[in-house]
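What follows is a short report on a single structure.
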Amino acid sequence: MSGTAATFERFIVLEGLDGAGTTTQLRLAAQKLGERHLPHCCTSEPTAGPLGRIIRDILAHRLKTHPRTLALLFAADRTEHLHEPGTGILDRLKRGELVICDRYLFSSLAYQSLDCDFEFVYALNREFIIPRHLVFLDTPIELSQSRLAARSAGDTELFEALGVQSRILANYGRAFELYREAGMQLHRIDGSIPADEVFWKFWKIIESVPML
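Under our numbering, read the sequence shown as residues 62 to 273, first letter to last.
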């Protein structure tokens, strides 16, 4: 795919609908990698930085912005996430660390293109590096929704409504097809099975990384 940045061998991304279980899998991976004393960084987007905090306020309805502004904020937060001196993803990869990120540019293509032109969102993200492994937790929408309801006490974020989630799933499919020939391996894991079984499958992917 022309214009796309190179794939990085030790870069893994977790994706899925809201409630799919990506946060749980990131936590389990961090725990096991730490127990084995392997150099790693388990991170997520939006980040905990200033731009990420603004994004979280928008998602939680504490701030209101134009959809394009939100897409730009995600791209800006991602730029800082990648390029922060010393602690950014690129520097960590250069030091030989394994980097696992909960959500990345595929989330932008799936979510921000709901209210923005897909090509606009793609243009903002097309120069970012691509992970070697993209792990998609393929969780039924109804199950994802029940998990969200159990933890949210009635409050929903900007993109969590049932009808919106089906559109997000379709956008994920479009994004995956777009990057199909970019040197990235797409792994679909059934997100409806118990978390420990999901992690067993996820860990097999992690173990395939050359440094492990």
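Note that CB positions come from ideal geometry on N, CA and C, so glycine has one too.
heavy atom of the ligand MN below 7 angstroms from residue i C-beta
i	result
Val-160	Because no ligand of any kind appears in the structure shown, any question about the ligand MN cannot be addressed here.
Test item: CB-CB of residue i and residue j under 8 angstroms
i	j	result
Lys-173	Pro-128	Note on residue identity: the sequence assigns Gln, not Lys, to residue 173. For Gln-173 and Pro-128, yes; Cβs fall inside 8 angstroms.
Ile-119	Leu-133	no
Ile-250	Phe-69	no
Ile-229	Ala-171	yes
Thr-100	Leu-154	The sequence shown places Pro at residue 100, rather than the Thr named in the question. Not closer than 8 angstroms, so no.
Ile-267	His-248	no
Arg-139	Glu-188	no
Leu-175	Val-225	yes
Residue burial classification, residue i (beta-carbon count within 10 angstroms, cutoff 16)
i	result
Gly-147	exposed
Ser-227	exposed
Arg-97	exposed
Arg-71	buried
Met-272	exposed
Asp-163	buried
Ser-63	Summary for Ser-63: the model assigns pLDDT 40, below 50, so the residue's position carries little reliability, and this model does not support an answer.
Arg-79	In the sequence as displayed, the identity of residue 79 is Asp instead of Arg. Flag for Asp-79 reads buried.
His-144	exposed
His-122	exposed
Ala-211	exposed
Gly-275	Only positions 62 to 273 of the chain appear in this structure, which leaves residue 275 out of reach.
Leu-94	buried
Gly-113	buried
Leu-185	buried
Integer-rounded CB distance, given that residue j should sit under 8 angstroms from residue i
i	j	result
Gly-252	Asp-178	Contact doesn't hold; Cβ gap of about 29 angstroms is too wide.
Ser-168	Glu-242	With 8 angstroms as the limit, Ser-168 and Glu-242 do not qualify as a contact, their Cβ atoms being about 21 angstroms apart.
Ala-90	Phe-263	7 angstroms
Arg-192	Ile-73	With the sequence shown as reference, residue 192 is identified as Pro, and Arg is not the correct amino acid for it. Right, the Cβ-Cβ distance comes to about 6 angstroms (below 8 angstroms), so this counts as a contact.
Val-270	Gln-86	Wrong, their Cβ atoms sit about 16 angstroms apart, outside the cutoff.
Thr-108	Glu-141	7 angstroms
Closer than 8 angstroms to chain D by CB, residue i
i	result
Thr-85	Judged by its chain identifiers, the structure shown contains no chain D, having just a single protein chain.
Stretch pair the region 192 to 207 + the region 148 to 158: three plus CB contacts closer than 8 angstroms: Contact check between the region 192 to 207 and the region 148 to 158: fewer than three CB pairs, one atom from each, fall below 8 angstroms, which does not count as touching.
Inside the region 170 to 250 only - beta strand (DSSP E) runs reaching at least 3 residues: Note on the region 170 to 250: whole beta strand (DSSP E) runs with a minimum of 3 residues are 191 to 199, in chain order.
Sufficient close CB pairs (3 or more, under 8 angstroms) joining the region 201 to 208 to the region 177 to 191: As far as the Cβ criterion goes, the region 201 to 208 does not touch the region 177 to 191, which means the pair count is below three.
Residue ranges of each alpha helix (DSSP H) within the region 112 to 175, 4 or longer: Listed in chain order, they are 128 to 144, 150 to 155 and 166 to 172.
Runs of beta strand (DSSP E) lying entirely within the region 87 to 112, each at least 3 residues, in chain order: Contiguous beta strand (DSSP E) elements confined to the region 87 to 112 occur at 101 to 105, taking only those with 3 or more residues.
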